[in-house]
Amino acid sequence: MMVIHQVDELRTYLKKERFSAAKEGRELSVGFVPTMGFLHDGHASLLKQAREHNDLVVLSIFVNPIQFGPGEDLDRYPRDEERDLALAKREGVDVVFLPSVQEMYPNPTKTKIVVSELTSGLCGASRPGHFDGVTTVVGKLLHMINPTRTYFGLKDAQQVAVIRQMVDDLNFDVEIIPCPIIRESDGLALSSRNVYLGAEEREQALILSKSLREAEARIRSDRSVSLSEIRAKITENINYKPLAEIDYVDILQFPALTPVDESVPATQIKGEIIIALAVKFGKTRLIDNILLSPEGVVIHV
Ligand code: PAF
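Taking my numbering, the leading residue of the sequence shown gets 68, the next gets one more, and so forth.
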């Protein structure tokens, strides 16, 4: 496994690999998993898929400063390079791209990639500018690596929708592969930020996945329940936990992220919907979601 810190070195390496494959008469498929490090089993699941479907796997580890707002956790974002590299090796990664901030942003950047509309609700509303930072860095990484496929976890479902839109609008030649949320055995969605949680916060945070599971079961069993009732019940469950502070509980069409008519029975809604939550426990903001088909069948949890 190679660890590369410089953009030029990464490009040269990939060029050589593509050239060698071409000499043998084959096209090199490259799977790319972008991360901010502090890797967990959720990242491992992305790497496993990338390994399975591509000749070469590139993992990037970069805590991207431009996607953090003032007062957010950029300075305390968890890092553990040694453990990350061990996990990458275990998952059969070929190249870890580990650039410095100076390498990614040598000059104050005057160019940004901005996806409109899809970024205005959910996390975009409470984290202004966040998605501009995400699309800008993902755009840069895609240009540097030029992968065949790139893998994203559906815990950040809005991020998946936004990146897909960017890739379509700007004709990036890459396939986006959304991957299911990976959870602890008790239901907590895996996140690098879970390490911030105290014991009591972690216990109470289980209400997120529990409420989503309950919502799904209710939609399946009660054909007349409306999405407004579903939303009210989730909100009530979460508010019952003293340490929880709701940022949003939202139900939208997915991946368009447009409003749904919450007054009609849920089973009458056409297309996929997302029930998405962002809730703070102390200083830690957690997100979770569930994607459902109109009949209430789970697509990804
Ligand atoms: O999901 C993340 O970890 C980040 O938003 C990403 C996609 C690596 C961009 O910095």
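All C-beta atoms in this analysis are idealised placements derived from N, C-alpha and C, irrespective of residue type, glycine included.
- In this structure, ligand 1 has a non-hydrogen atom nearer than 6 Å to the beta-carbon of Val-201.
- Beta-bridge annotation (DSSP): Val-124 is paired with Gly-98.
- Per DSSP, the continuous alpha helix (DSSP H) segment holding Asp-236 begins and ends at 224 to 236.
- Val-346 places its beta carbon 7 Å or farther from that of Ile-336.
- Taking Glu-339 as reference, the option from Ile-357, Asp-236, Arg-216 with the minimal CA-CA separation is Ile-357.
- Under the three-state reduction of DSSP output, Asn-261 falls in the helix class.
- In the three-state DSSP reduction, Glu-84 falls in the helix class (H, G or I).
- The Cβ-Cβ distance between Ala-282 and Ile-301 falls below 7 Å.
- A distance below 8 Å between beta-carbons, with the five flanking residues on each side excluded, links Leu-221 to the following residues of its chain, in chain order: Val-227, Pro-245, Cys-246, Pro-247, Ile-248, Asn-356, Leu-358, His-367.
- The criterion of a C-beta distance shorter than 7 Å is satisfied by Ser-259 and Phe-105.
- Exclusion of Thr-176 from the 6 Å shell around ligand 1 follows from its C-beta lying no nearer than that to any non-hydrogen atom of the ligand.
- In this structure, the C-beta of Val-204 approaches ligand 1 to less than 6 Å from one of its heavy atoms.
- Between ligand 1 and the CB of Asn-356, the shortest heavy atom gap is not smaller than 6 Å.
- A heavy atom of ligand 1 is found nearer than 6 Å to the CB of Thr-102.
- Counting every other CB atom within 10 Å of its CB across the protein chains shown gives Asn-131 a total of 16 or more, marking it as buried.
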